[in-house]
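Student: Can you keep this structure in mind? I'll have questions shortly.
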Amino acid sequence: MLVSLDLSQSPRRCYDQRLSVIRESIGTVGFIERELTHGCAMRINLSDRQTESKEPSLGNRRGTRAASRQFPPPAYRLAASISKLLSKSSLLVLCLAVLIFPGVSLHGRPQPQIKITVKVVNVLATVRDKRGQIVSTLSRNDFVLEDNGRPQGITYFATEEDLPLSLGLLVDTSGSQVQVLGQERMASQKFLDDMLRENDQAFLARFDGAVVIYGLSSSREKLAGDFQSLLGPRASGTVLYDAAVSVCNRVTSKLDGRKAIIFLTDGVDNGSQHSLPDAIMAAQRADTVVYSILFADEQFYPDVQGPSIPSPAGRRSPVNTVPLPQSLPSQELSQGRDTLERISKETGGRMFVVSRKEPIDQIFSTIEEELRNQYALGYALGADAGSGYRKIRLATKQKGMIVQTRAGYYAD
Numbered sequence: 125m126l127v128s129l130d131l132s133q134s135p136r137r138c139y140d141q142r143l144s145v146i147r148e149s150i151g152t153v154g155f156i157e158r159e160l161t162h163g164c165a166m167r168i169n170l171s172d173r174q175t176e177s178k179e180p181s182l183g184n185r186r187g188t189r190a191a192s193r194q195f196p197p198p199a200y201r202l203a204a205s206i207s208k209l210l211s212k213s214s215l216l217v218l219c220l221a222v223l224i225f226p227g228v229s230l231h232g233r234p235q236p237q238i239k240i241t242v243k244v245v246n247v248l249a250t251v252r253d254k255r256g257q258i259v260s261t262l263s264r265n266d267f268v269l270e271d272n273g274r275p276q277g278i279t280y281f282a283t284e285e286d287l288p289l290s291l292g293l294l295v296d297t298s299g300s301q302v303q304v305l306g307q308e309r310m311a312s313q314k315f316l317d318d319m320l321r322e323n324d325q326a327f328l329a330r331f332d333g334a335v336v337i338y339g340l341s342s343s344r345e346k347l348a349g350d351f352q353s354l355l356g357p358r359a360s361g362t363v364l365y366d367a368a369v370s371v372c373n374r375v376t377s378k379l380d381g382r383k384a385i386i387f388l389t390d391g392v393d394n395g396s397q398h399s400l401p402d403a404i405m406a407a408q409r410a411d412t413v414v415y416s417i418l419f420a421d422e423q424f425y426p427d428v429q430g431p432s433i434p435s436p437a438g439r440r441s442p443v444n445t446v447p448l449p450q451s452l453p454s455q456e457l458s459q460g461r462d463t464l465e466r467i468s469k470e471t472g473g474r475m476f477v478v479s480r481k482e483p484i485d486q487i488f489s490t491i492e493e494e495l496r497n498q499y500a501l502g503y504a505l506g507a508d509a510g511s512g513y514r515k516i517r518l519a520t521k522q523k524g525m526i527v528q529t530r531a532g533y534y535a536d
C-alpha cells in the first residue's frame with residue numbers, strides 16, 4: 125500500500141488526508157520523506173531495527189555548521205530536531221506533528237509541501253481451532269508471517285472486532301436464479317440489518333448479462349429500496365467475472381479499511397469479457413475479501429440437491445424481458461462451485477453451499493461472526509521487494525489452528 129500526502133492542497137482536504145495517513149501508518153514501519161521548499165530537503169528512513177542516536181563525527185559537525193549557514197534557521201532547527209528522533213517510536217510523534225501543524229511559514233515564505241509515502245502490506249485473518257470454532261484471543265507473538273518465503277516482522281497488530289467495515293452484496297439475477305431470488309433478497313436484507321453498525325456501510329450490485337452497481341450507503345432505508353429492484357434478468361447471460369472486476373475497480377479499490385464482498389450465485393459464468401484470474405487479481409489489488417454463497421435452484425439443476433426450501437413450480441421471470449434458459453447439467457454447477465471456491469480462498473474468504481442442513485440464514489450468521497473476529501496484521505515492504513505478485517504465508521505457532529487469509533497481493 126502506498127500512501128501519499130501533499131500539504132499544498134486545501135486545509136480541510138489536507139487534514140483528512142493526514143488523519144487517514146496516520147490511521148494507516150501508526151504501528152507500521154515504512155519511510156517518510158519530507159520535502160521543504162526553497163532547497164531545504166530532508167529524508168527520514170525508518171527501519172525495522174531500533175536506530176541508535178550517535179554523536180556526530182567531526183566531518184558531520186562540519187556538515188552541520190555548513191547546513192546552518194545554507195538553510196534558514198527555522199528550517200535547520202526543524203531538521204536537527206527531527207533527526208534526533210530516528211527510531212520506530214518517533215513515527216507517532218512525527219505523524220501527530222503533521223496532523224496538528226499543517227504547515228509553518230518560514231520567514232513569510234509559502235507553506236512547505238510535505239510528502240509522506242508509506243509502503244505497508246495489510247493482512248486480515250480469521251483463525252479457527254480443530255473443532256471449527258473461532259479463536260479470537262491470539263497475540264502478535266502467536267503468528268508466523270512470510271512474504272515470498274522470507275520471514276517478516278509484524279509491525280502492526282490489532283483485532284478487528286469493532287472496526288468499520290465496507291460490505292458489498294453481489295446478487296446473480298440471471299435466469300438460473302429467478303426462483304431463489306425471493307429467498308436471497310429476504311435473507312440478505314436481514315443480514316445487513318443485523319450486520320451494519322454505526323460506522324459501517326454497504327452497497328448492492330446485480331448481475332446477469334450486465335452489471336448494475338447501486339450506491340454505497342449506511343442507510344438501511346436506502347438499502348431496502350435497492351433490494352426491491354432485485355427482480356429478474358434484464359440481459360441474457362451471467363457475467364460473474366465482470367461483476368467482480370467492476371465492483372473491485374469502481375468501488376472497493378477506492379475505500380480504506382476493511383472491505384468484503386459476498387456473491388450470491390450458482391457460480392456459473394456465461395458471457396464475461398474478463399476471466400476468473402482477472403476477477404481474483406482485481407479483488408487482491410483492491411484488498412477485498414470475497415465470500416461466496418452457492419445457491420442453486422433444484423429445478424434448474426434437477427439432479428442436484430437444492431436450497432432449504434423447494435422452489436415453486438413455474439419458470440416465469442418477474443421481469444419478462446429475457447427468455448429463461450432451459451435446465452443446465454450438474455457439470456456446469458460443479459464448475460461454478462470450483463470457481464467460487466477459488467476466488468474465495470485466494471482472497472481470504474470462504475465458500476458456502478446453501479442446503480437443507482445449512483440454510484442461507486445460518487450461512488450469513490457464520491460470515492458475520494468471521495467478519496467481527498478478524499486479526500489485522502501489517503508489515504513493511506522492503507525497498508528491494510520489487511513489483512508484481514507476492515505470496516503470503518500466515519500461520520500460528522500453536523499446532524492445530526486453521527488460519528484463513530489471502531494467498532497473496534500485488535506490490536505494484
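Take the position in the sequence shown, starting the count at 1, then add 124; the result is the number in my numbering.
Each residue gets a CB set at the ideal place from its N, CA and C atoms; glycine is no exception.
Between the Cα of N394 and the Cα atoms of A420, F419, D366, which residue gives the shortest distance?
Tutor: That would be D366, whose Cα lies nearest to the Cα of N394.
Student: Between the alpha carbons of Y533 and R514, how many angstroms are there, rounded?
Tutor: Rounded to the nearest whole angstrom, the CA to CA distance from Y533 to R514 is 6 Å.
Student: Rounded to a whole number of angstroms, what is the C-alpha to C-alpha distance between Y499 and I467?
Tutor: 21 Å
Student: Do A535 and L495 have their C-beta atoms within less than 9 Å of each other?
Tutor: Inclusion of A535 and L495 in the CB contact set at 9 Å is not warranted, their separation being larger than that value.
Student: Taking only three categories from DSSP, how would you classify G472?
Tutor: coil
Student: Apart from the five residues just before and just after T250, which ones in its own chain have a Cβ nearer than 6 Å to its Cβ?
Tutor: E494, Q498, Q528
Student: Straight-line CA distance for Q313 to A509?
Tutor: 43 Å
Student: Buried or exposed: K254, going by 16 or more other Cβ atoms within 10 Å of its Cβ?
Tutor: The residue is exposed, with fewer than 16 neighbouring Cβ atoms inside 10 Å.
Student: Is the Cβ-Cβ distance between E456 and V392 less than 9 Å?
Tutor: yes
Student: Considering V371, what are the terminal residues of the alpha helix (DSSP H) in which it resides?
Tutor: Run containing V371: 364-374, per the alpha helix (DSSP H) assignment.
Student: Take the Cβ of E322 as the centre, count every other Cβ of all protein chains shown within 10 Å, and call the residue buried at 16 or more, exposed below.
Tutor: exposed
Student: To the nearest angstrom, report how far apart I491 and Y415 are at their CA atoms.
Tutor: 8 Å
Student: Less than 9 Å between the beta carbons of K67 and V268, yes or no?
Tutor: What is shown of the chain runs 125 to 536, which leaves residue 67 out entirely.
Student: Can you round the beta-carbon distance between L316 and F327 to whole angstroms, since I take them to be within the 8 Å contact cut?
Tutor: Not a contact, Cβ separation roughly 10 Å.
Student: If you draw a straight line from the alpha carbon of S399 to that of A410, how long is it in whole angstroms?
Tutor: 17 Å
Student: Measuring only the C-alpha atoms, how far is I385 from A507?
Tutor: 32 Å
Student: Where does K383 fall in DSSP's three states?
Tutor: strand
Student: Name the two residues that bound the continuous beta strand (DSSP E) containing E270.
Tutor: Run containing E270: 267-271, per the beta strand (DSSP E) assignment.
Student: I need the boundaries of the beta strand (DSSP E) containing G292, first residue and last residue.
Tutor: 289-296
Student: Please list, in chain order, all residues of the same chain as A311 whose beta carbon is under 7 Å from its beta carbon, the five residues on each side excluded.
Tutor: I484, D485, F488
Student: Take R330 as the anchor and find which of S343, D324, G292, R344 has the nearest alpha-carbon.
Tutor: G292
Student: What are the boundary residues of the beta strand (DSSP E) that includes F281?
Tutor: 280-283
Student: State buried or exposed for S344, treating a residue as buried only when at least 16 other CB atoms are found within 10 Å of its CB.
Tutor: A small fix is needed here, since residue 344 is Arg in this sequence, not Ser. Looking at its Cβ environment, which holds fewer than 16 other Cβ atoms inside 10 Å, R344 is exposed.
Student: Exposed or buried, what is G333 when buried is set at 16 or more other beta-carbons lying within 10 Å of its beta-carbon?
Tutor: buried
Student: Could you tell me whether any Cβ in chain C is nearer than 9 Å to the Cβ of F331?
Tutor: Of the protein chains in this structure there is only one, and it is not chain C.
Student: Check the DSSP bridge columns for V251 and list the partner residues they point to.
Tutor: In DSSP, V251 forms a bridge with V527.
Student: Put G151 into one of helix, strand or coil per three-state DSSP.
Tutor: Residue placement at G151 is flagged as unreliable, the pLDDT there being 42, under the threshold of 50; a coordinate-derived value is accordingly withheld.
Student: Per DSSP, which one or two residues make a beta bridge with Y338?
Tutor: Beta-bridge pairing links Y338 to no other residue.
Student: Output needed for T412: all residues of its chain with C-beta closer than 7 Å, excluding positions within five of it in sequence on either side, in chain order.
Tutor: Only residues of its own chain outside the window of five on either side were considered, and among them C372, T376, K383, A384, I385, T471 have a CB closer than 7 Å to the CB of T412, listed in chain order.
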